[in-house]
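Take a look at the structure below.
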Amino acid sequence: MNTFQSTLESFQKREDALKAREDPFADGIAWVEGEIMPLSQARIPLADQGFLHGDLTYDVPAVWDGRIFRLDDHLDRLEASCHKLRLFLPKPKEEIKQLVLDLISKSGFRDAYVELIVTRGIHSIRTLDMSPAKVEPNLYLFVTPYVWVVPMALHSHGAAAIVTRTVRRIPPGAVDPTVKNLQWGDFNRAILETQDRGAQAPFLTDGDSNLTEGSGFNIFIVKGGVLHTARRGVLEGITRRTVLEIAEDEKIPCHVEDVPMGLVYSADEIFICTTAGGLMPITGLDGQPVADGKVGPITSKFWDAYWALHYDPKLTIDIMYG
Ligand SMILES: Cc1ncc(COP(=O)(O)O)c(C=O)c1O
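In case it helps, this note's numbering puts the sequence shown at residues 370 to 691.
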């Protein structure tokens, strides 16, 4: 049995066990203003700037088979995003880390999607004064069962992507994509177009015929044994970083630069990557097969390496379940 089958089969077993749960946290658990509640009951105050003006940043680590992957890297990115927005973490990083670990433990999920949101907090409706003295950011946390951007069932054969025709990626000069944000106007339009065109993953360009990213994932193109991924106009994903590190270990060249659409359409292999689903092969693009339409050897190699790292003590923390 290869790594691919065994990884997904063992996940499936854990997911079946989850389906048997009927307790109040079975669908998710949230932490809001120091209180823990079922996710379906969690509420945001209307006057929170995160809700009123999208003035927030967030991050999403994941738990796989009882271990959280690269939590410190996610917390560092959250802190860096806060700084770029002239926000600060509402609590010391170590305290937030412990809150996250405790919430996962309480959730009981062995595979989980963990979201941390920092908003600018509660102000008047129209505030022009964002000076640090006036800012009391709010923290929201929730944990749900593991989320797949592309359904797990599609991983063995690969998913279909489209290059969106109706929308481009918002330019970095308007919304800084390196700050993980929920201004999903472009992605929401892209997702609608993806559904209309019967595919699973939208690829957005920068409006100048270069590839950027998709709705919650980075994109890698493989051509002649070399990886290519966009340098600009994208979130610097932790999964993307993991792929770059695997490439370095495996001595597979990787170019982080502008990726012209011509390269995308002539790719040997394409895969997308995100914390919500890991690496996902893309075997169709705009209704045509990518090369021979099969999951390629480089994608498979990186897929295996990525999941193997989820058992590496240097990158993971064991969750102590109650
Ligand atoms: C726009 C965008 N790009 C890329 C990613 C992948 O980032 P990561 O690998 O850190 O999950 C995400 C994750 O949600 C995202 O929202």
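Idealized CB from N, CA, C, for every residue including glycine.
(message) Only counting the same chain, and skipping five residues up and downstream in sequence, which positions put a Cβ closer than 8 angstroms to that of S635?
(response) K592
(request) Determine the DSSP secondary structure at L468, reduced to helix, strand or coil. (result) helix
(request) Taking G612 as the reference, give the member of Y427, T644, F457 and P629 with the closest Cα. (result) The amino acid occupying residue 612 in the given sequence is Val; Gly does not appear at that position. Measuring from the Cα of V612, the nearest candidate turns out to be T644.
(request) Please state if the CB of G691 and the CB of I641 are separated by a distance shorter than 8 angstroms. (result) no
(message) Please list the terminal residues of the continuous alpha helix (DSSP H) segment that includes I539.
(response) Premise fails: I539 is in no alpha helix (DSSP H) and is neither H nor E.
(request) Would you grab the beta carbon distance between D424 and R489 for me? Rounded to a whole angstrom, and I think it's under 8 angstroms. (result) 4 angstroms
(request) With a threshold of 7 angstroms, establish whether the CB of I607 neighbours any heavy atom of ligand 1. (result) yes
(message) Using a 10 Å radius around the Cβ and a threshold of 16 neighbouring Cβ atoms, would you call Q724 buried or exposed?
(response) With the chain covering only 370 through 691, there is no way to say anything about residue 724.
(request) Starting from I667, follow the alpha helix (DSSP H) in both directions and report where the run begins and ends. (result) P666 to A677
(request) Grab me the residues of A522's own chain with a C-beta within less than 6 angstroms of its C-beta, minus the 5 sequence neighbours each way, in chain order. (result) none
(request) Tell me where the alpha helix (DSSP H) around G631 begins and ends. (result) M630 to Y634
(message) In the DSSP assignment, the beta strand (DSSP E) including I688 goes from what residue to what residue?
(response) Looking at the DSSP string, I688 is not in any beta strand (DSSP E), and its letter there is neither H nor E.
(message) Is E484 a contact residue of ligand 1, with contact defined as CB to any heavy atom under 7 angstroms?
(response) no
(request) For Q657, write down the residues that DSSP places opposite it in a beta bridge. (result) L654
(message) Within a Cβ cutoff of 6 angstroms, which residues of the same chain sit near T581, ignoring the five residues on either side of it in sequence?
(response) R538, L573, D575, A599, G602 and V603
(request) Evaluate I486 with the Cβ neighbour count: other Cβ atoms within 10 Å of its Cβ, from every protein chain shown; 16 or more gives buried, anything less gives exposed. (result) buried
(request) Compute the Euclidean distance between the alpha carbons of H443 and I465, then round it to the nearest angstrom. (result) 12 angstroms
(request) Identify whether F478 lies in helix, strand or coil by the three-state DSSP scheme. (result) coil
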